[in-house]
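**Student:** Residue numbers (my numbering): 29 to 189.
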Ligand code: HEC
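#1: What are the start and end residues of the alpha helix (DSSP H) that includes residue 57?
#2: Buried or exposed: residue 78, going by 16 or more other Cβ atoms within 10 Å of its Cβ?
#3: If I'm right that residue 108 touches residue 186 with Cβ under 8 Å, what's the distance once you round it to whole angstroms?
#4: Once DSSP output is grouped into helix, strand and coil, what is the label at residue 122?
#5: Looking at the strands, I want to know which residues DSSP matches up with residue 186.
#6: Who are the Cβ neighbours of residue 180 in its own chain at under 8 Å, not counting the five residues just before and after it?
#7: Do you know offhand how far residue 170's Cα is from residue 132's?
#8: What separation, rounded to the nearest whole angstrom, lies between the Cα atoms of residue 162 and residue 85?
#9: Taking its Cβ as the centre, do 16 or more other Cβ atoms sit within 10 Å of residue 135, making it buried, or is it exposed?
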């Protein structure tokens, strides 16, 4: 049981009033839209940092260890349930800066989720290929597939700015 849930059930033992109070305190803890937008912008900045590390390694002298590290970070983010950061009410607003998500995200959630699934799949595959000791050409090929998922999603769901 999560500590907070444990706390609530203990509070419930103390009486119905305390229980109701704890319940409303929990309800108020839903993250604010501003926090959700900040988290997703931060997540994508970390993704961009690590994509850049992979690109420089592939353009320069290939460093397997760096690429595995960077791909692992991207895959962790891509598999982390990012979709939850695009909750209703966050189509407009400000995180670190104004969101660049398109309103389309609310109308076409299924496609957005499918592209998120491709992002998770291709980044996990990049970890697998790079860890296997494949040559730089094979890693580059898989990195290209990953980059394609960025572009597909940005084309449909992110305003250029
Ligand atoms: C499933 C959709 C999707 C995928 C896949 C995706 N992005 Fe994004 N990305 C977005 C959306 C939507 C935003 C706008 C977020 C906002 O401003 O609220 C964004 C924003 C960004 C930003 C700007 C962050 C900021 O500070 O505002 C960067 C950089 C970025 N993405 C890089 C990438 C890279 C690199 C990849 C692939 C390795 C990638 N993204 C894959 C949807 C996606």
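Ideal Cβ placement from N, Cα and C applies to all residues, glycine included.
These numbers were taken from a predicted model, which means no experiment stands behind them.
**Tutor:** So, from the listed chains and residues:
#1: Counted from its first residue, the chain shown places residue 57 at position 29. No alpha helix (DSSP H) holds residue 57; DSSP gives it neither H nor E.
#2: As a working mapping, residue 78 is identified with position 50 in the chain shown. Counting Cβ neighbours within 10 Å, residue 78 comes out buried, since at least 16 surround it.
#3: As a position in the chain shown, residue 108 is number 80, starting the count at 1. As a position in the chain shown, residue 186 is number 158, starting the count at 1. Between residue 186 and residue 108 the Cβ distance is about 19 Å, and since that is not below 8 Å, they are no contact.
#4: Taking the chain shown and counting its residues from 1, the one referred to as residue 122 is at position 94. Of the three classes helix, strand and coil, the one that applies to residue 122 here is strand, per DSSP.
#5: Numbered from 1 along the chain shown, position 158 holds the residue referred to as residue 186. DSSP, once it has assigned bridges, lists 129 as partnering residue 186.
#6: Along the chain shown, read from residue 1 onward, the residue named residue 180 stands at position 152. Hits under 8 Å: 143 and 146.
#7: Counting from one through the chain shown, the residue named residue 170 turns up at place 142. Counting from one through the chain shown, the residue named residue 132 turns up at place 104. So the alpha carbons of these two residues sit roughly 28 Å apart.
#8: Counted from its first residue, the chain shown places residue 162 at position 134. Counted from its first residue, the chain shown places residue 85 at position 57. When rounded, the distance between both Cα atoms is 14 Å.
#9: In the chain shown, counting from the first residue as 1, residue 135 sits at position 107. Burial call: exposed.
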